[in-house]
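Encoded as structure tokens, the structure appears first; notes follow it.
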Amino acid sequence: MKVLVCIKQVPDMESHFKPNGSGTWFSESDLAWRMNEYDEYAVEQAVQVKEKLASEPELTVLSIGPDRIGEALKKAMAMGCDRAVHVQDNDSAAKDPWQIASIIAAYAKAQGFDLIFTGMQSQDRGSAQVGAIVAELLEYACVTTIVGFEFTGGAVTVKRELEGGIKGVARLKPPALFTCQLGLNVPRYPTLPNIMKAKKKEIQTIAVADLLREEPLSATTSFHAPARKGGGVVLEGDVGPMVDQLLAILREKTSVLR
Amino acid sequence: MEATREIYWNIGHGVVLPMYLLSMVAVAALAWGIWRRVPRYRLGKPLNRFDSYEERVKRMIADVFGQEKVARVKDGGLFHAFFFWGFGLLFIGTMLVMIQADFFTPLMRVNILSGEFYKAFSLVLDGAGLLAIVMLAGLFARRFFIRPEGLETSADDYRIHVLLFAILITGFLIEGARMAVTELRQDPGLAMFSPVGKLVAQLFTPYAEENIRTAHRLLWWLHFVLVMGFIAAIPYTKLRHIFLTSANAFFAPLEAKGTIATINLEDESIEQFGAATVKDLSWKDIFDADACTSCKRCQERCPAYSTDKPLSPMKVVRQIGEQAESAPDGNLVETVGQDAIWSCTTCRACQDICPANIEHVNKILEMRRNLTLMEGAFPGDEVRTAVGNIEVNGNPFGLAFAARGEWADGLPVIGMESGQEVDILYFAGCYASFDKRNREIAKSFVRICAAAGIRVGILGKEEKCCGEPVRKLGNEYLYQMLASGNIELIKGYGVKRIVTTCPHCFNTLGRDYRDLGLEVPVEHYSTYLHRLLESGRLEMSPDDFIFTYHDSCYLGRYMDIIDQPRELLAKAGGRIREMDRSGCDSFCCGAGGGRIVAEEKLGNRINVARVRMARETGAPLLVSNCPFCLTMFEDGVKTGGFEGEIMVRDLAEIVAARLTV
Ligand code: SF4
Ligand code: SF4
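As given, the protein sequences belong to chains S and R, one line each in that order. Residue numbers for the first sequence follow the working numbering, beginning at 11 and rising by one. Residue numbers for the second sequence follow the working numbering, beginning at 1076 and rising by one.
What follows is the structure in structure tokens.
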């Protein structure tokens, strides 16, 4: 059995984001990087499947990006993935979800993965499209935003989140792809022996050009902080005139006094 | 007639052979009893505690014969010390008699036990015997009648008390019987030098000499057998502490207090990190369990124990011993319990007071290392998050690392990256960098330095958590990653002196980083400012205030910095009202050992307990000099309902408010 986990390295959301030179994405200076939160659930779930099936499956973790993503791949391997695929791309941030999904599908097509796990979405772009498109391109069954996973008797039973807090249960047979949501599991903290072992695991590097055949279907045109929606007004002076001013403002700008 | 006495009076020299044979049996029983325990110690990992022989012997002699550690706690300790000295003198006296009788007399034909020396000898031994009996009575009353809370009494205690009383009393009875027949009649002047013996002798005088002699012989043998029994019983009862606790004074660590073994992460042969079983501890850790006297001093002082958490350092030590005996391959962490292991604040109160030189803190740390490094465990989800934050952003809050230096905006500091000359590097640490309340410490410190004309450099966004909380939580890997990053940076800038406002950074940079190659002198601002003041570089205009001062564990107990902050505060115009538990006896704020990032879910709150102690002094102001303490106390004032009754300030704030410039 073969399992693939697709992960992305994203900036920590507490970072100070600034637009880059072209104003179409954020600048990478002064950012702290970590594995996308939802992808951690994906890795954890894949490792749990492997543990349950007594090391039978081989776990591959894949990520697309520049050199820095090696850290995220190592973490996934320290958590329990067996090998890593690093699709080397210094310009991954500029690719749209269609292209990213195409790259993954191009890699996965010949590999015959039984199960594929991805995060529900990335914390930075948040398109939530990549997983579903990969499934479509590979013609795999797909369940998004899963919060429960069970693998028994060759079939998978998943719980997924529906609108308004309702949960749905689906049963399906591999090959299948799942996108993972918060609540699915608690990602493990890698143990030191596993961190050491991960250092020796194989990272296969593939140039993005070898996998990318598609043109983008969408383009990010601008990256900027939201415009400030007006400022506060501080009234000062004596109470009487301030009350008048306030009433005038309320009459003019709101409907409370009408 | 010269003052002396006949040795083996009424017993005869024929006793020598059986006496020595029996003594040898007793000593053999003693030796075997101790030797038999050695395989248990051998279960542990090797650790060299046989180096620096001379220093160790010196310390052992001072520790054992000085009884300093024992007597530090007056209750019980003073009785023990005086009993020890009394009993010890009797032992020396008996040895002198033996040497005289069986070496000097037959081999050299000299008598040292004569004349003035004999008089002094008699008097001293008589006094020593009396002292020992009185002290033993005190110990007896303490253990069986006015027992302090938590003191555990076992069958051993009954037997030992009876045995010791019997030895001492029979000793005086023999003396009395002998004197009744000899000195009292022949040399009453000499009898004055054995006042207790003389009193006892008077009990015998009504009886016929023959009867006294018979009684004397019987008593002599009884006394002798009791003493042999005492020697032989040592390894099989609590008396073993006589040897093992003394030996532990020899084995006590010589390194700086708080030293933790730095794991070599490059060593690929290591498969087990930390202690999962007793075998993963050192032999000394197992030996410690035997050296423990169950005096429960550690437990009494443990902030976790005192606030109803499931941790007793005494129990941990005992559990290690029991586990070594019953299940050396069993899961030690389970035996001790995760809740106990995570409850420790590494405050060192236990280790500091322990009369037996037992090392509690590192045992707990080793078990934490196992939990963290081998099992990826955390005391709670909030800790998991904080550790993740430290990994990503270099601070437990998860705030952007790039904002780390923002506290200094508009203040006279030099970013080290500018390459400008500085006098000190101020390693601000996470709390003073990011936490709103604690930023006042950093700002005050910089203002004070500016007033003293000191050029202060900071690492700003390049600085990372020193790694102390994660190291104390057992995460040696993350600690070393953080440390090596900081060290490389500090070395790269050619820093000459580092000053910290955080005692945890201070301990870590100044001591722990040495193992990883940082040699720059590191100082806590308490001593740094104290020197600036002494040298006249720093001037304050004092104004009157009343305060109480909290000794941070990592300054007081770990680094012996106790007087300087008090002197600084006195010069600032402060009048101190000490808490009962101050200096080396201080009570932790609750934040050490990585607990700063953990929620306190078990028992009641340590910080509230400490603020209450501060409040009880009547002082309206509690001064500390540690960002962790400040955080805990600000919280303790609120959650404990002390608002409006007591305020919390950092030493730096007090000084900065009184600058003359
Ligand atoms: S270090 Fe402090 S908290 Fe830990 S066991 Fe000792 S006394 Fe208790
Ligand atoms: S560990 Fe030390 S302080 Fe604690 S009970 Fe034993 S001897 Fe006493």
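Backbone N, C-alpha and C define an ideal beta-carbon position, used for all residues, glycine too. Quick caveat, the model's predicted, so the values are computed rather than measured.
Next item on the list: Identify the continuous alpha helix (DSSP H) that holds W1160 (chain R) and give its terminal residues.
Entry: For the purposes of this step, residue 1160 (chain R) is taken as residue 85 along the second sequence, with counting starting at 1. Segment K1149 to I1174, the alpha helix (DSSP H) holding W1160 (chain R).
Note to self: Less than 8 Å between the C-beta atoms of L63 (chain S) and M11 (chain S), yes or no?
What the structure shows: Against the first sequence, residue 63 (chain S) aligns to sequence position 53. Against the first sequence, residue 11 (chain S) aligns to sequence position 1. Less than 8 Å divides the Cβ of L63 (chain S) from the Cβ of M11 (chain S).
Check: Under the rule that 16 or more other beta-carbon atoms within 10 Å means buried, what is P21 (chain S), buried or exposed?
Finding: Numbered from its first residue, the first sequence carries residue 21 (chain S) at position 11. By the Cβ neighbour-count rule, P21 (chain S) is buried, with 16 or more other Cβ atoms within 10 Å of its own.
Next item on the list: Please confirm whether any heavy atom of ligand 1 lies closer than 7 Å to the CB of H1579 (chain R).
Entry: As a working note, residue 1579 (chain R) is residue 504 in the second sequence. For ligand 1, not one heavy atom lies less than 7 Å from the Cβ of H1579 (chain R).
Checklist line | Nearest residue (CA-CA) to Q1374 (chain R), options R:E1720, R:S1616 and R:P1385 | finding: Taking the second sequence and counting its residues from 1, one reaches residue 1374 (chain R) at position 299. It is R:P1385.
Checklist line | Given A1241 (chain R) as reference, the closest of R:T1460, R:P1270 and R:L1211 once Cα atoms are compared | finding: Locating residue 1241 (chain R) in the second sequence gives position 166, where the first residue counts as 1. Of all alpha-carbon atoms in R:T1460, R:P1270 and R:L1211, the one lying nearest the alpha-carbon of A1241 (chain R) is that of R:L1211.
Margin query: Please report the distance separating the alpha-carbon of S1508 (chain R) from that of D77 (chain S).
Written below: Position 433 of the second sequence, counted from the first residue, corresponds to residue 1508 (chain R). Position 67 of the first sequence, counted from the first residue, corresponds to residue 77 (chain S). Taking the straight line from one Cα to the other gives about 31 Å.
Next item on the list: Flag C1429 (chain R) as yes when its Cβ comes closer than 7 Å to any non-hydrogen atom of ligand 2, and as no otherwise.
Entry: Locating residue 1429 (chain R) in the second sequence gives position 354, where the first residue counts as 1. Yes, the beta carbon of C1429 (chain R) sits closer than 7 Å to at least one heavy atom of ligand 2.
Notebook entry, point to check: Is the stretch 1638 to 1653 of chain R touching the stretch 1612 to 1627 of chain R, taking contact as three or more C-beta pairs under 8 Å?
Noted result: Under the 8 Å Cβ criterion, the stretch 1638 to 1653 of chain R counts as touching the stretch 1612 to 1627 of chain R, having at least three qualifying pairs.
Item checked: Limits of the alpha helix (DSSP H) - the one that P1114 (chain R) falls within -> As a first step, residue 1114 (chain R) is located in the second sequence; it is residue number 39 there, counting from the start. Per DSSP, the unbroken alpha helix (DSSP H) holding P1114 (chain R) starts and ends at V1113 to R1117.
Notebook entry, point to check: With respect to 7 Å, is the separation between the Cβ of S1369 (chain R) and the closest non-hydrogen atom of ligand 2 below this value?
Noted result: To locate residue 1369 (chain R), count along the second sequence from 1; it is residue 294. Here the distance from the Cβ of S1369 (chain R) to the nearest heavy atom of ligand 2 is below 7 Å.
Notebook entry, point to check: Closer than 9 Å, Cβ to any Cβ of chain R: which residues of the stretch 31 to 43 of chain S, in chain order?
Noted result: Answer set for the stretch 31 to 43 of chain S: S39, D40, L41, A42 and W43.
Next item on the list: Under 8 Å by Cβ, that's how I've got F188 (chain S) and I156 (chain S) pegged, so tell me the actual separation to the nearest angstrom.
Entry: Mapped onto the first sequence, residue 188 (chain S) falls at position 178. Mapped onto the first sequence, residue 156 (chain S) falls at position 146. So it is a contact: roughly 5 Å between Cβ atoms.
Checklist line | Min CB distance V1730 (chain R) to chain S below 8 Å | finding: Taking the second sequence and counting its residues from 1, one reaches residue 1730 (chain R) at position 655. Answer no: the Cβ-Cβ gap between V1730 (chain R) and chain S never drops below 8 Å.
Check: What does a CB cutoff of less than 6 Å around I1259 (chain R) pick up in its chain, not counting 5 residues either side in sequence?
Finding: On the second sequence, residue 1259 (chain R) is found 184 positions in, with the first residue counted as 1. A small correction: the amino acid at residue 1259 (chain R) is Leu; Ile does not occupy that position in the sequence shown. In the same chain as L1259 (chain R), and ignoring 5 residues on each side of it, the C-beta atoms closer than 6 Å to its own belong to A1266 and A1276, in chain order.
Next item on the list: Check the Cβ-Cβ distances between G1542 (chain R) and every residue of chain S, and say whether any is below 8 Å.
Entry: Residue 1542 (chain R) sits at position 467 when you count from the first residue of the second sequence. Not closer than 8 Å to any Cβ of chain S, the Cβ of G1542 (chain R) fails to qualify, so no.
Notebook entry, point to check: Apart from the five residues just before and just after K84 (chain S), which ones in its own chain have a Cβ nearer than 6 Å to its Cβ?
Noted result: Reading the first sequence from its first residue, position 74 is the one you call residue 84 (chain S). Closer than 6 Å at Cβ, skipping near neighbours: A208.
Note to self: Check for me: the alpha helix (DSSP H) holding Y1624 (chain R) runs from which residue to which?
What the structure shows: Working through the second sequence from its first residue, we reach residue 1624 (chain R) at position 549. Element bounds for Y1624 (chain R): not the alpha helix (DSSP H) but the beta strand (DSSP E), F1620 to Y1624.
Notebook entry, point to check: Between L1534 (chain R) and chain S, is there a C-beta pair that is closer than 8 Å?
Noted result: Within the second sequence, the letter at position 459 stands for residue 1534 (chain R). Cβ-Cβ to chain S under 8 Å: no for L1534 (chain R).
Margin query: Considering only heavy atoms of ligand 2, does any lie closer than 7 Å to the CB of P203 (chain S)?
Written below: As a working note, residue 203 (chain S) is residue 193 in the first sequence. No; taking the cut-off as 7 Å, the Cβ of P203 (chain S) has no heavy atom of ligand 2 nearer than that.
Check: Helix, strand or coil: how does DSSP classify T70 (chain S) here?
Finding: Here residue 70 (chain S) is taken as the residue at index 60 of the first sequence, counted from 1. In the structure shown, T70 (chain S) adopts extended strand secondary structure according to DSSP, grouped into three states.
Check: Between the beta-carbon of K1536 (chain R) and the beta-carbon of F1476 (chain R), is there less than 8 Å?
Finding: Numbered from its first residue, the second sequence carries residue 1536 (chain R) at position 461. Numbered from its first residue, the second sequence carries residue 1476 (chain R) at position 401. Between K1536 (chain R) and F1476 (chain R), the CB-CB gap stays under 8 Å.
Notebook entry, point to check: Less than 8 Å separating the beta-carbons of Y1568 (chain R) and V1531 (chain R)?
Noted result: Locating residue 1568 (chain R) in the second sequence gives position 493, where the first residue counts as 1. Locating residue 1531 (chain R) in the second sequence gives position 456, where the first residue counts as 1. Between Y1568 (chain R) and V1531 (chain R), the gap from beta carbon to beta carbon reaches 8 Å or more.
Next item on the list: For R1459 (chain R), go through chain S and note every residue whose CB falls closer than 7 Å to its CB, in chain order.
Entry: What you label residue 1459 (chain R) is simply residue 384 of the second sequence in a count that begins at 1. Those are Y199, listed as they occur along chain S.
Check: With respect to 7 Å, is the separation between the Cβ of I1439 (chain R) and the closest non-hydrogen atom of ligand 1 below this value?
Finding: As a first step, residue 1439 (chain R) must be located in the second sequence, where it is residue number 364. Between ligand 1 and I1439 (chain R), a heavy atom-to-CB distance of less than 7 Å is present.
Notebook entry, point to check: For C1425 (chain R), which option in R:Y1633, R:G1485, R:R1292 and R:D1262 has the closest C-alpha, if you only look at C-alpha atoms?
Noted result: Counting from one through the second sequence, the residue named residue 1425 (chain R) turns up at place 350. Considering only alpha carbons, the answer is R:Y1633.
Check: What is the DSSP secondary structure of P1487 (chain R), counted as helix, strand or coil?
Finding: In the second sequence, residue 1487 (chain R) corresponds to position 412, counting from 1. P1487 (chain R) falls in the coil class under three-state DSSP.
Notebook entry, point to check: Between V1458 (chain R) and L1548 (chain R), is the Cβ-Cβ spacing less than 8 Å?
Noted result: Translated into the one-based positions of the second sequence, residue 1458 (chain R) becomes position 383. Translated into the one-based positions of the second sequence, residue 1548 (chain R) becomes position 473. Cβ distance < 8 Å, so V1458 (chain R) and L1548 (chain R) count as in contact.
Check: At a Cβ threshold of 8 Å, is F1509 (chain R) touching chain S?
Finding: Counting from 1 along the second sequence, the entry for residue 1509 (chain R) is found at position 434. Not closer than 8 Å to any Cβ of chain S, the Cβ of F1509 (chain R) fails to qualify, so no.
Check: Taking 7 Å as the cut-off, is the CB of P1388 (chain R) close to at least one heavy atom of ligand 2?
Finding: Reading the second sequence from its first residue, position 313 is the one you call residue 1388 (chain R). Result yes, Cβ under 7 Å from ligand 2.
Next item on the list: Check each candidate in S:P67, S:E68, S:H234 and S:I205 and name the one with the smallest Cα separation from H26 (chain S).
Entry: Taking the first sequence and counting its residues from 1, one reaches residue 26 (chain S) at position 16. Of the residues S:P67, S:E68, S:H234 and S:I205, the one whose Cα lies closest to the Cα of H26 (chain S) is S:H234.
Notebook entry, point to check: Rounded to a whole number of angstroms, what is the C-alpha to C-alpha distance between D49 (chain S) and N1700 (chain R)?
Noted result: The residue labelled residue 49 (chain S) in the question sits at position 39 within the first sequence. The residue labelled residue 1700 (chain R) in the question sits at position 625 within the second sequence. Straight through space, the alpha carbons of N1700 (chain R) and D49 (chain S) are spaced by roughly 42 Å.
Margin query: Can you look up S1189 (chain R) in the DSSP assignment and give me helix, strand or coil?
Written below: For the purposes of this step, residue 1189 (chain R) is taken as residue 114 along the second sequence, with counting starting at 1. For S1189 (chain R), the secondary structure class from DSSP, reduced to helix, strand or coil, is strand.
Next item on the list: Tell me, please, whether the CB atom of E1343 (chain R) is closer than 8 Å to any CB atom in chain S?
Entry: Taking the second sequence and counting its residues from 1, the one referred to as residue 1343 (chain R) is at position 268. At least one chain S Cβ lies under 8 Å of E1343 (chain R).
Item checked: Span of the alpha helix (DSSP H) around W43 (chain S) -> Against the first sequence, residue 43 (chain S) aligns to sequence position 33. It is not in any alpha helix (DSSP H) - W43 (chain S) instead sits in the beta strand (DSSP E) that spans W43 to M45.
Notebook entry, point to check: DSSP three-state call for C1541 (chain R): helix, strand or coil?
Noted result: Reading the second sequence from its first residue, position 466 is the one you call residue 1541 (chain R). C1541 (chain R) falls in the coil class under three-state DSSP.
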